[in-house]
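Asker: Protein chains in written order, with our numbering: chain A, 410 to 596; chain B, 47 to 361.
I'd like to ask some things about the structure below.
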Amino acid sequence: MGDTPTPPGDLGTETDGGVRTYTVRLELVDEPGELLDALAPIAENGGNLMSIHHERGNITPRGHIPVEVDLGCPPDRFDDIVAGLRETGVNVIQAGAERYGEEISVVLVGHLIETDLSDTLLAIENETSAAVLDLSLSAPQGTGDISSARIRLAIDSGRSEAVFETIRSVSDEKDLTVVEPLLGGDA
Amino acid sequence: MRLAILGAGDVGRSVADLADEYGHEVVALADSTNAVIDDDGIDVEGALQRKRSDEPVGVDDPDDVFEGEYEVLVEATPTTLGDAEPGFSHVERALEDDRHVVLANKGPVAERYEELRALEADSAGSVRFEATVGGAIPALSTVEDCMPENVTAVRGVLNGTANFILTRMAAEGLDYEHVLAEAQDLGVAEADPTFDVDGTDAALKFVILANVLSEGGFALEDADVEGIQNIPGSALNLAAEDGRTIRLIGEATREGVRVGPRLVPENGPLAVTGTRNIVQIETRNAGSLHASGRGAGGPETATAVLSDVNRLAGR
């Protein structure tokens, strides 16, 4: 390898001095200063910024802007950098070779409690590659009436349609209404 | 151009009223039972005054409109589903006489698009229908200007009543029934709001868009349609926790038509408020274009009809 710089696509290749190159994919809200705030934890944790690819033309399913950052740091510092990014509220989609996928929210409406909400969540997790990150439930008329739940899911990139198929079929069985996010375009 | 207007509801009356301002002349105005016809131009103000006082619009037979010296038939009778009659027959008759047709009636374009285009191909007249999608918003002419083959999808909010209800539910934390009653009091929702809140009206518009993108092939029965009646206020509150809101969103692509309540970013372009409408036209080479405005109303829709007439006149 000698002095040849590691190409950004070549993830995790070790270079002289034990510094490795990592690619981190982030989702940023389209607001002034967001990128600067997102980069601070990298420098603070001993990372060396190599390049930033700000995909302004693209929008993630959550309506945010994907940003790809190449950085160099010793391997033992990398986890701190990712943790630092998360602490500042930045959504890390992918860090190094590990993919975290995309985060998508759906809202379910219906007799959620009576139709066994935990069974609904399990079915979504078991039948798809999605992971339920959090759940917010609202049952203003009591648990015996119509209630709503917002579920935040982590989904492998490109798998959202398959996940929605599953959510639709689980919801059909339980007579629940699904409010899906609008993906595509710059919704 | 000399206009014959069929239909004397909000849109037909507004077209008659504004025609002169746009440089056109009205030679016939008819509702379902009566007509006023004069090849030298009718007295529009008199006819509208009679309509306002619940008198017959004129003493002529509506069927005789087709015998007159009109150049453009403005079809503004109520939208009917299924066979789209009598609107379709009106268009057929005008095209067979080699006259132009401008539609405000969604039925023939949503339900019998290929037949309409076949009739047009055999006629010296042309068919235009900007007013059928989003009232005053130049949705179809924008697709036409970008050329339909370069448009990959059209999305948006094209029903003001459903949008008004969802906006009020989100702002006030109220439930559907409560806000619907309020919308009816304000005259935003009809006494029977089914057509608007069950998604049918929006679906007809997205079916028309899909037909334009694909050169036909779609009718209402091909659309996947869901309404907003099952959305409680609590669902909108939960959406807001995540910076989202719920809107009745339609999508038209060459693969199909889908209309239903969807989560969209609260501050995003598609989260229009009140009775406002918006279309997002996704293009192959120019990103997304947005046009927002009043999607309904007599004078608003009449401006779309009259821009079609101007295009036919080559201005």
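Using N, Cα and C, we set each Cβ at its ideal position, and we do this for glycine too.
Just verifying my parser: in three-state terms, what is the DSSP assignment at B:A172?
Answerer: Counting from one through the second sequence, the residue named residue 172 of chain B turns up at place 126. Here the sequence assigns Ser to residue 172 of chain B, which means Ala is not the residue at that position. Coil at B:S172, not helix or strand.
Asker: Give me, in chain order, the residues of the same chain whose beta-carbon lies closer than 7 Å to that of A:V600; leave out the 5 immediate sequence neighbours on both sides.
Answerer: The requested residue 600 of chain A is not part of the displayed model; chain A covers only 410 to 596.
Asker: Give the C-beta separation of B:A337 and B:I183 to the nearest angstrom, bearing in mind that I take them to be a contact with Cβ-Cβ under 8 Å.
Answerer: Taking the first residue of the second sequence as position 1, residue 337 of chain B is located at position 291. Taking the first residue of the second sequence as position 1, residue 183 of chain B is located at position 137. Between B:I183 and B:A337 the Cβ distance is about 5 Å, and since that is below 8 Å, they are a contact.
Asker: Can you tell which of B:D106, B:P102 and B:I254 has the C-alpha that lies nearest to the C-alpha of B:R163?
Answerer: By one-based count along the second sequence, residue 163 of chain B stands at place 117. Minimum Cα distance to B:R163 is reached at B:I254.
Asker: DSSP state of A:D543, grouped into three classes?
Answerer: Counted from its first residue, the first sequence places residue 543 of chain A at position 134. Per DSSP, reduced to three states, the secondary structure at A:D543 is strand.
Asker: For the segment 271 to 289 of chain B, which residues have a beta carbon sitting closer than 7 Å to at least one beta carbon of chain A?
Answerer: N276, I277, P278, S280, A281, N283, L284, A285, E287 and D288
Asker: Residues in the segment 288 to 314 of chain B with C-beta within 7 Å of chain A's C-beta atoms, listed in sequence order?
Answerer: Along the segment 288 to 314 of chain B, the positions whose C-beta sits under 7 Å from a C-beta of chain A are D288, R290, I292, I295, P307, R308, L309, V310, P311 and G314, read in chain order.
Asker: Under three-state DSSP, which class holds B:P108?
Answerer: Position 62 of the second sequence, counted from the start, is the residue given in the question as residue 108 of chain B. Helix.
Asker: For A:I522, collect the residues of the same chain with a Cβ closer than 6 Å to its Cβ; drop the 5 residues on either side in sequence, then sort them by chain order.
Answerer: Here residue 522 of chain A is taken as the residue at index 113 of the first sequence, counted from 1. Cβ within range, chain order: T552.
Asker: Sorted by chain position, which residues of the same chain lie with C-beta nearer than 7 Å to B:D110's C-beta, five sequence neighbours on each side aside?
Answerer: Within the second sequence, residue 110 of chain B is the residue found at index 64, counting from 1. A81 and I83.
Asker: With distances taken from CA atoms, which of B:G320, B:P108, B:L119 and B:D107 is nearest B:G233?
Answerer: Position 187 of the second sequence, counted from the first residue, corresponds to residue 233 of chain B. That would be B:G320, whose Cα lies nearest to the Cα of B:G233.
Asker: Identify each residue in the segment 197 to 216 of chain B for which the Cβ-Cβ distance to at least one residue of chain A is less than 7 Å, and report them in chain order.
Answerer: Per Cβ criterion, the list reads A199 and R201.
Asker: Taking the CB atoms as reference points, tell me whether B:A235 and B:D242 lie closer together than 8 Å.
Answerer: As a first step, residue 235 of chain B must be located in the second sequence, where it is residue number 189. As a first step, residue 242 of chain B must be located in the second sequence, where it is residue number 196. Yes, these two residues count as a Cβ contact at 8 Å.
Asker: With a threshold of 7 Å on Cβ separation, who are the neighbours of B:G220 within its own chain once the five nearest residues in sequence on each side are excluded?
Answerer: The sequence position of residue 220 of chain B within the second sequence is 174, counting from 1. In the sequence on display, residue 220 of chain B carries Leu and not Gly. Excluding sequence positions up to five before and after B:L220, its CB lies within less than 7 Å of the CB of R214 and G279, all in the same chain and listed in chain order.
Asker: Can you grab the Cα-Cα spacing for the pair B:L8 / B:G306, in whole Å?
Answerer: Chain B is shown from 47 up to 361; residue 8 of chain B falls before or after that span and cannot be answered.
Asker: Does DSSP put B:A248 in a helix, a strand or coil?
Answerer: Within the second sequence, residue 248 of chain B is the residue found at index 202, counting from 1. The answer is helix: DSSP assigns B:A248 an H, G or I state.
Asker: Could you confirm whether any beta carbon from chain B is found closer than 8 Å to the beta carbon of A:S547?
Answerer: Here residue 547 of chain A is taken as the residue at index 138 of the first sequence, counted from 1. Yes, A:S547 counts as interfacial toward chain B.
Asker: With a floor of 3 residues, list each beta strand (DSSP E) that falls wholly inside the segment 182 to 208 of chain B, ordered by position along the chain.
Answerer: 197 to 203
Asker: Assuming A:Q503 is part of the beta strand (DSSP E), what are its boundary residues?
Answerer: Within the first sequence, numbered from 1, the residue matching residue 503 of chain A stands at position 94. N500 to A504 is the span of the beta strand (DSSP E), which, as asked, contains A:Q503.
Asker: B:V57 and B:V72 look like a contact to me (Cβ under 8 Å); what is the Cβ gap, rounded to whole Å?
Answerer: If you number the second sequence from 1, residue 57 of chain B lands on position 11. If you number the second sequence from 1, residue 72 of chain B lands on position 26. The Cβ separation is near 14 Å, so there is no contact.
Asker: Please return the same chain residues whose Cβ sits closer than 8 Å to the Cβ of B:V310, not counting the five positions on each side in sequence.
Answerer: In the second sequence, the residue the question calls residue 310 of chain B occupies position 264. The residues are R290, T291, I292, R293, I295, L316 and A317.
Asker: Run through the DSSP bridge pairs and tell me what A:N457 is partnered with.
Answerer: Along the first sequence, one-based indexing puts residue 457 of chain A at 48. DSSP output for A:N457 lists A:G481 as bridge partner(s).
Asker: Are the C-beta atoms of B:L316 and some chain A residue less than 8 Å apart?
Answerer: One-based indexing of the second sequence puts residue 316 of chain B at position 270. By this cut-off, B:L316 is an interface position.
Asker: Between the Cα of B:A217 and those of B:D191, B:N283 and B:E160, spot the shortest distance and give me the residue it belongs to.
Answerer: Along the second sequence, read from residue 1 onward, the residue named residue 217 of chain B stands at position 171. Comparing Cα positions, the closest option is B:N283.
Asker: According to DSSP, which residues form a beta bridge with A:A563?
Answerer: By one-based count along the first sequence, residue 563 of chain A stands at place 154. Per DSSP, A:E512 and A:A540.
Asker: State yes or no: is the beta carbon of A:L591 nearer than 8 Å to at least one beta carbon in chain B?
Answerer: If you number the first sequence from 1, residue 591 of chain A lands on position 182. Taking Cβ atoms only, chain B reaches closer than 8 Å to A:L591, which makes this a yes.
Asker: Going by DSSP, what residue range makes up the beta strand (DSSP E) through A:H520?
Answerer: Counting from 1 along the first sequence, the entry for residue 520 of chain A is found at position 111. Segment: none, A:H520 is in no beta strand (DSSP E) and carries neither H nor E.
Asker: For B:D77, count neighbouring Cβ atoms within 10 angstroms of its own Cβ and tell me buried if that reaches 16, exposed if not.
Answerer: The sequence position of residue 77 of chain B within the second sequence is 31, counting from 1. By the neighbour-count rule (16 or more Cβ atoms within 10 Å), B:D77 is buried.
Asker: Express the C-alpha separation of A:S527 and A:A548 in angstroms, rounding to a whole number.
Answerer: Walking along the first sequence from the start, residue 548 of chain A turns up at place 139. Walking along the first sequence from the start, residue 527 of chain A turns up at place 118. In a straight line, the C-alpha of A:A548 is about 15 Å away from that of A:S527.
Asker: Please specify which runs of the beta strand (DSSP E), each continuous and at least 3 residues long, are wholly inside the segment 278 to 330 of chain B, giving them in chain order.
Answerer: Here the runs fully enclosed are 290 to 298, 303 to 311 and 322 to 329.
Asker: Among all the DSSP beta bridges, which residues are the ones paired with A:R434?
Answerer: Position 25 of the first sequence, counted from the first residue, corresponds to residue 434 of chain A. DSSP, once it has assigned bridges, lists A:E477 and A:Q503 as partnering A:R434.
Asker: In chain B, which residues lie less than 7 Å from A:T552 when you measure between Cβ atoms?
Answerer: Taking the first sequence and counting its residues from 1, the one referred to as residue 552 of chain A is at position 143. The premise fails here: A:T552 is roughly 12 Å from chain B at the closest Cβ pair, so nothing lies under 7 Å.
Asker: With a threshold of 16 other CB atoms inside 10 Å of the CB of B:G69, please say whether the residue is buried or exposed.
Answerer: Along the second sequence, read from residue 1 onward, the residue named residue 69 of chain B stands at position 23. By the neighbour-count rule (16 or more Cβ atoms within 10 Å), B:G69 is not buried but exposed.
Asker: Exposed or buried, what is B:Q326 when buried is set at 16 or more other beta-carbons lying within 10 Å of its beta-carbon?
Answerer: Here residue 326 of chain B refers to the residue found at position 280 when the second sequence is read from its first residue. Answer is buried; the Cβ neighbour count reaches 16.
Asker: Using the C-alpha atoms, what's the distance from A:N467 back to A:L544?
Answerer: By 1-based counting over the first sequence, the position of residue 544 of chain A is 135. By 1-based counting over the first sequence, the position of residue 467 of chain A is 58. Approximately 28 Å, taken between the alpha carbons.
Asker: Report yes or no: is there a C-beta of chain B within less than 8 Å of the C-beta of A:S514?
Answerer: Here residue 514 of chain A refers to the residue found at position 105 when the first sequence is read from its first residue. Output row for A:S514: interface = yes.
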